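Presented below is the structure to which this report refers.
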Amino acid sequence: MITVTSPLLPDLDEFHELLKEIWDSKWITNNGSFHQQLEKALADYLKVPYISLFTNGTLPLLTALQALRITGEVITTPYSFVATTHSIWWNGCRPVFVDIEEDTCGIDPNKIEAAITPKTTAIMPVHCYGKPVKMKRIQEIADKYGLKVIYDAAHAFGVEVDGESVLNAGDMSTLSFHATKVYNTLEGGALVMHDEKIKQRIDYLKNFGFAGETEVVAPGINSKVDEVRAAYGLLNLKQVDQAIANRKKVAQKYREALKNVPGIRFFEDMPGVRHNYSYFPIFVDAAKYGMTRDELYFKMKEQGILGRRYFYPLISDFSTYRGLPSATKENLPVATKMANEVICLPMHHGLSKNDINRVLSCIIK
Ligand code: T4K
2 MITVTSPLLP
12 DLDEFHELLK
22 EIWDSKWITN
32 NGSFHQQLEK
42 ALADYLKVPY
52 ISLFTNGTLP
62 LLTALQALRI
72 TGEVITTPYS
82 FVATTHSIWW
92 NGCRPVFVDI
102 EEDTCGIDPN
112 KIEAAITPKT
122 TAIMPVHCYG
132 KPVKMKRIQE
142 IADKYGLKVI
152 YDAAHAFGVE
162 VDGESVLNAG
172 DMSTLSFHAT
182 KVYNTLEGGA
192 LVMHDEKIKQ
202 RIDYLKNFGF
212 AGETEVVAPG
222 INSKVDEVRA
232 AYGLLNLKQV
242 DQAIANRKKV
252 AQKYREALKN
262 VPGIRFFEDM
272 PGVRHNYSYF
282 PIFVDAAKYG
292 MTRDELYFKM
302 KEQGILGRRY
312 FYPLISDFST
322 YRGLPSATKE
332 NLPVATKMAN
342 EVICLPMHHG
352 LSKNDINRVL
362 SCIIK
């Protein structure tokens with residue numbers, strides 16, 4: 002089987018040494034030494050001023066909306082993992098879906114203003130596949146209407162535009178460090194913010210709202226990262242650059258081999274962008290390729306090549322959300338098309354030449 006991804010794992014002996022330190026210290030969670038080291042190391046690596054670790058990539062979304070006191074309607078994309086929209090719903094807000102752009106699979110800034118109502122308080126775009134959305138344009142709209150912007154940057158670890166981290170855009174950005182991501186801490190995630198006071202508030206919120214031993218300042222949650230995961234994360238950080246370099250080579254091989262296959266489209270690198278190659282989506286035009294996306298998907302599966310149809314179905318097609326006025330196919334033509342054409346090919350740091358050739362020969366008939 003060739004799976005869509007495979008986790009980056011630290012050296013087991015090195016991990017064991019750090020485990021020994023944790024065992025000796027008997028300090029296993031609640032802002033321990035490895036937790037503090039990892040926050041600092043990640044802030045440096047990602048070139049962001051403040052970061053707060055979380056136990057997964059969903060809780061920072063929930064917490065960002067809480068911290069900014071978002072209410073009413075939140076404009077977002079249907080072309081993402083369900084966690085994006087669930088976080089809005091769990092905050093008692095209504096998601097409003099806006100269509101995406103074909104060149105990034107991110108929210109289309111030209112369609113945002115038409116979706117704004119007096120109840121709109123925030124925009125939640127996603128850097129889907131780690132491809133940066135049009136952040137400048139989104140910020141202009143947010144400023145014009147007085148809206149907050151929370152980026153779901155779950156896929157965008159290490160992504161930069163002209164040397165600047167995409168995580169510095171908007172009011173806050175969230176990351177996922179799930180096993181399936183470029184960088185993982187087993188499960189994990191983070192929230193990036195620009196202000197020390199906001200970090201302080203987020204740190205209260207992820208620790209039940211405690212501000213000291215006897216004071217609770219908000220109805221917080223528990224999203225504290227333990228020492229084992231923080232130690233694992235420190236080790237993985239040492240090898241993430243090499244992992245991204247390996248992924249880039251896989252992307253180059255896929256692109257080179259697929260460039261002349263009629264009906265198969267894929268993304269090229271964007272100028273000035275440091276990509277992380279977290280996913281390699283292809284889009285199948287059935288008429289030109291001679292096979293539908295699903296026919297190709299199941300053919301791959303039969304041959305043990307487990308690509309994934311991220312993100313099909315659209316979030317707006319799930320029963321929880323399809324009754325929303327913004328969830329119609331007429332409102333979301335580009336997202337509908339992309340969701341019906343996409344297959345994410347196997348993409349990770351450890352793919353062998355043989356694996357890549359097997360994937361390619363299945364696609365190139
Ligand atoms: N926002 C966005 C835009 C997201 O994409 C996500 C998560 C979130 C927010 C929320 O972040 P988290 O709360 O999850 O941190 C996966 C992941 O569970 C999910 O994290 C991810 N996005 C989503 C796009 O994909 P599945 O159900 O497709 O994963 P699964 O278990 O089928 O794994 C896919 C393949 O990865 C397997 O076939 C083999 C490989 N794999 C997986 C795991 C878990 C391994 O080799 N080892 C492993 O331990 O959801």
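Mapping of the sequence shown onto the working numbering: residues 2 to 366, in sequence order. Note that the Cβ used here is the ideal one computed from N, Cα and C, for glycine as well. Since the model is a prediction, treat every value here as computed from it, not as a measurement.
Val217 in three-state terms, based on DSSP | As a first step, residue 217 must be located in the sequence shown, where it is residue number 216. Val217 falls in the strand class under three-state DSSP.
Closer than 7 Å by C-beta to Ser88: which residues in its own chain qualify, once you throw out the five before and the five after it? Chain order, please.
-> As a working note, residue 88 is residue 87 in the sequence shown. Taken in chain order, the residues that qualify are Thr59, Leu62, Leu63, Leu66.
Taking 8 Å as the cut-off, is the CB of Ser7 close to at least one heavy atom of the ligand T4K?
-> Sequence index remark: in the sequence shown, residue 7 carries index 6 (1-based). At least one heavy atom of the ligand T4K is nearer than 8 Å to the Cβ of Ser7, so yes.
Supposed close pair Pro110, Val274 - CB separation, criterion 8 Å | As a first step, residue 110 is located in the sequence shown; it is residue number 109 there, counting from the start. As a first step, residue 274 is located in the sequence shown; it is residue number 273 there, counting from the start. The pair is not a contact, with the Cβ atoms about 17 Å apart (cut-off 8 Å).
Exposure label - Pro263; buried when at least 16 CB within 10 Å | Along the sequence shown, read from residue 1 onward, the residue named residue 263 stands at position 262. Pro263 should be labelled exposed.
Taking 8 Å as the line, does the beta carbon of Gly171 fall inside it for any heavy atom of the ligand T4K?
-> Translated into positions along the sequence shown, residue 171 becomes position 170. Result no, Cβ not under 8 Å from the ligand T4K.
Minimum C-alpha distance to Ile344 - residue among Pro326, Asp356, Arg309 | Taking the first residue of the sequence shown as position 1, residue 344 is located at position 343. Out of Pro326, Asp356, Arg309, Arg309 has the C-alpha closest to the C-alpha of Ile344.
Based on the DSSP secondary-structure assignment, which residues constitute the bridge partners of Lys149?
-> The residue given as residue 149 occupies position 148 in the sequence shown. Partner(s): Ala123.
Three-state secondary structure (DSSP) at Leu352?
-> Position 351 of the sequence shown, counted from the start, is the residue given in the question as residue 352. Correct three-state label for Leu352: coil.
Do Pro119 and Ser327 have their C-beta atoms closer together than 9 Å?
-> For the purposes of this step, residue 119 is taken as the residue at position 118 of the sequence shown. For the purposes of this step, residue 327 is taken as the residue at position 326 of the sequence shown. No.
Terminal residues of the beta strand (DSSP E) in which Thr175 lies = Locating residue 175 in the sequence shown gives position 174, counting from the first residue. 173–177 is the extent of the beta strand (DSSP E) around Thr175.
Contact test: Ser1 Cβ vs the ligand T4K heavy atom, cutoff 8 Å = One cannot answer for residue 1 here, as it falls past the ends of the chain, which runs 2 to 366.
If you measure from the CB of Ala244, is any heavy atom of the ligand T4K nearer than 8 Å?
-> By 1-based counting over the sequence shown, the position of residue 244 is 243. Result no, Cβ not under 8 Å from the ligand T4K.
Consider the C-beta atom of Asn92 and the heavy atoms of the ligand T4K; say whether any pair is separated by less than 8 Å.
-> Within the sequence shown, numbered from 1, the residue matching residue 92 stands at position 91. No, the ligand T4K has no heavy atom inside 8 Å of this Cβ.
Applying the criterion that 16 or more other CB atoms from any shown protein chain within 10 Å of the CB defines a buried residue, is Asp14 buried or exposed?
-> Counted from its first residue, the sequence shown places residue 14 at position 13. So Asp14 ends up on the exposed side.
Ser166 - partner residues in DSSP beta bridges = Within the sequence shown, residue 166 is the residue found at index 165, counting from 1. Note: Ser166 sits in a beta bridge opposite Glu161.
Where does Arg248 sit, in a helix, a strand or coil, going by DSSP?
-> Numbered from 1 along the sequence shown, position 247 holds the residue referred to as residue 248. In the structure shown, Arg248 sits in a helix (DSSP, three-state: H, G or I).
Does the region 99–108 touch the region 345–353, meaning 3 or more C-beta pairs lie closer than 8 Å?
-> no
Would the C-beta of Cys129 count as close to the ligand T4K, meaning under 8 Å from any of its heavy atoms?
-> Numbered from 1 along the sequence shown, position 128 holds the residue referred to as residue 129. Result yes, Cβ under 8 Å from the ligand T4K.
Glu342 Cβ short of 8 Å to the ligand T4K heavy atom set | The sequence position of residue 342 within the sequence shown is 341, counting from 1. No, since every heavy atom of the ligand T4K falls outside the 8 Å radius drawn around the Cβ of Glu342.
Following the continuous alpha helix (DSSP H) through Met301, name the residue where it begins and the one where it ends.
-> As a first step, residue 301 must be located in the sequence shown, where it is residue number 300. Where Met301 is concerned, the enclosing alpha helix (DSSP H) stretches over 294–303.
Would you say Leu62 faces chain C, with C-beta separation under 9 Å as the test?
-> Checking the listed chains, one finds no chain C in this structure; it contains a single protein chain.
For Met339, three-class secondary structure by DSSP | As a first step, residue 339 is located in the sequence shown; it is residue number 338 there, counting from the start. Helix, per DSSP.
Give the range of the alpha helix (DSSP H) segment to which Arg202 is assigned.
-> Translated into positions along the sequence shown, residue 202 becomes position 201. 197–206 is the extent of the alpha helix (DSSP H) around Arg202.
Out of Tyr322, Ile357, Met271, point me to the one whose CA is closest to Gly131's CA.
-> The residue you call residue 131 lines up with position 130 of the sequence shown. Comparing Cα-Cα distances from Gly131 to each of Tyr322, Ile357, Met271, the minimum goes to Met271.
What do you reckon, are the CB atoms on Phe284 and Arg266 nearer than 9 Å?
-> Your numbering for residue 284 matches position 283 in the sequence shown. Your numbering for residue 266 matches position 265 in the sequence shown. Cβ distance < 9 Å, so Phe284 and Arg266 count as in contact.
Can you name, in chain order, every residue of its own chain whose Cβ lies under 6 Å from the Cβ of Met194, other than the five neighbours on each side?
-> In the sequence shown, the residue the question calls residue 194 occupies position 193. Closer than 6 Å at Cβ, skipping near neighbours: Tyr51, Met173, Lys200.
Close Cβ partners of Thr86 (< 7 Å) along its chain, the five nearest in sequence each way excluded = Your numbering for residue 86 matches position 85 in the sequence shown. Result list for Thr86: Thr77, Pro96, Ile316, Tyr322, in chain order.
Relative to the alpha-carbon of Glu296, which residue among Glu197, Asn341, Thr337, Gly147 has its alpha-carbon at the smallest distance?
-> Numbered from 1 along the sequence shown, position 295 holds the residue referred to as residue 296. Per the Cα distances, Asn341.
Measuring from the CB of His350, is there a heavy atom of the ligand T4K at a distance below 8 Å?
-> Walking along the sequence shown from the start, residue 350 turns up at place 349. Answer for His350: no, Cβ out of range of the ligand T4K.
Does the count of Cβ pairs from the region 289–305 and the region 186–193 closer than 8 Å reach three?
-> no
Roughly how many whole angstroms lie between the Cα atoms of Ala244 and His350?
-> Stepping through the sequence shown from its first residue, residue 244 is reached at position 243. Stepping through the sequence shown from its first residue, residue 350 is reached at position 349. Cα to Cα, the separation comes out at about 5 Å.
Examine the ligand T4K and report whether any of its heavy atoms sits within less than 8 Å of the Cβ of Asp227.
-> If you number the sequence shown from 1, residue 227 lands on position 226. Flag unset: Cβ of Asp227 not near the ligand T4K.
When you compare only the Cα positions, how much space is there between Asn237 and Lys182?
-> For this step, residue 237 is matched to residue 236 along the sequence shown. For this step, residue 182 is matched to residue 181 along the sequence shown. So the alpha carbons of these two residues sit roughly 12 Å apart.
Sub-9 Å separation of Val241 and His36 beta-carbons = Taking the sequence shown and counting its residues from 1, one reaches residue 241 at position 240. Taking the sequence shown and counting its residues from 1, one reaches residue 36 at position 35. Taking 9 Å as the Cβ cut-off, Val241 and His36 do not qualify as a contacting pair.
Can Arg309 be considered in contact with the ligand T4K, in the sense that its beta carbon sits closer than 8 Å to one or more heavy atoms?
-> Start at 1 with the first residue of the sequence shown, and residue 309 comes out as number 308. It does: the Cβ of Arg309 is within 8 Å (strictly closer) of some heavy atom of the ligand T4K.
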